[in-house]
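Note sheet for the following structure.
Here's what the structure looks like:
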């Protein structure tokens, strides 16, 4: 079923009526010459200009792309609020295979669409886009972060993303086991790409036992070639069933925690870099019912957005790292709120973020 515009009715219902909606603005972008098809979703600007990355992905349908943009943008509102940033939440998706469809012409066209929003949306890297791509986008749009140092940017944000996840793990360990140390803890990392391979380095440095998996064999070999002590398994399904696993770190695409994976998880803690790990509402309760401590994804993976936000004001790595280190304290505060309110940590994080956005929205415009 579609409406008169041809948009899928369930997407419009999500936008205007469901709990997953409430977005301020959604922009559909098309440039026939370059082949660009993109969706820019702004969930909230209550705290400031919407900030979030650009995902380049071969979606099965335009409907799937719109739904993903809406979901990701909403998640960025909560992430930015919990990170203490003066930014709302936004996200963009470009429909296509980045290996085949990405071109300079397409990225420049995309940059013009972002620029047309006049600063309401600030973009950055995400799955399928990289620092070099943001350098191209920035030629048409000054509201672009994640650029190379040579072009006035901060470079790769995955370094601080991984650092923040590591701090979230330490906080989770402190809450569950009374000690933040990860030494001799068995940690399974699903996805060792841009963020995951940095996370592995942190874990090994502290003395954790690491098991990895990735759909790309070259990504696995990059880790095992450098660190022969790291073991690997064939797939995520095998990883989550690994005997003796203490912590599971989903670091690939979203939806890792679902009706199939949660019942068979062997880990006591879930803390990873992937966005939107909970496949649907209710999964957070399923985790809690099994005694699995879940560190909300948008809280622990905020190191990257802390970095790109800082880029707008003159990037300083040590200043950003100090802010990202506070993810440890924020994660502990969420666990404390969850215990106090008798709710799962994901719900506690949502309450704290919503309170900050609500208070900001109530302030008079000066």
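Residue numbers (this note's numbering): 210 to 575.
We treat Cβ as the ideally placed atom computed from N, Cα and C, and that holds for glycine.
Distance from the CA atom of residue 360 to the CA atom of residue 469, rounded to whole angstroms, is 45 angstroms. The beta-carbon separation of residue 509 and residue 529, rounded to 16 angstroms, does not stay under the 8 angstroms limit for a contact. Taking a 10 Å sphere around the C-beta of residue 490, we find fewer than 16 other C-beta atoms and assign the residue as exposed.
Just so you know, the alpha carbons of residue 329 and residue 539 end up roughly 27 angstroms apart. The beta carbons of residue 333 and residue 366 sit about 7 angstroms from each other, so the pair counts as a contact at 8 angstroms.
Under DSSP, residue 441 forms a beta bridge with 421. For residue 286, no beta strand (DSSP E) encloses it; the enclosing alpha helix (DSSP H) starts and ends at 271 to 291. When the alpha-carbon of residue 506 is set against those of 487, 251, 553, 438, the nearest one is in 487. The closest CA to that of residue 336, considering only 460, 407, 244, is found on 460. If you draw a straight line from the Cα of residue 560 to the Cα of residue 314, it comes to about 42 angstroms. Beta-bridge annotation (DSSP): residue 297 is paired with 259. Nearest to residue 476 by C-alpha distance, out of 483, 499, 464, 233, is 499. Taking the C-beta atoms as reference points, residue 428 is found no nearer than 8 angstroms to residue 493. In the same chain as residue 409, and ignoring 5 residues on each side of it, the C-beta atoms closer than 8 angstroms to its own belong to 398, 401, 419, 421, 432, 436, 439, in chain order. Residues 263, 316, 317, 319, 320, 323, 332, 353 of the same chain have their beta carbon placed closer than 8 angstroms to that of residue 346, with the five preceding and five following residues left out of the count.
Less than 8 angstroms divides the Cβ of residue 298 from the Cβ of residue 287. For residue 464 and residue 272, the gap between their C-alpha atoms comes out near 17 angstroms.
Distance from the CA atom of residue 356 to the CA atom of residue 250, rounded to whole angstroms, is 21 angstroms. Linking residue 443 to residue 423 through their CA atoms gives a straight-line distance of about 8 angstroms. In the three-state DSSP reduction, residue 403 falls in the coil class, being neither helix nor strand.
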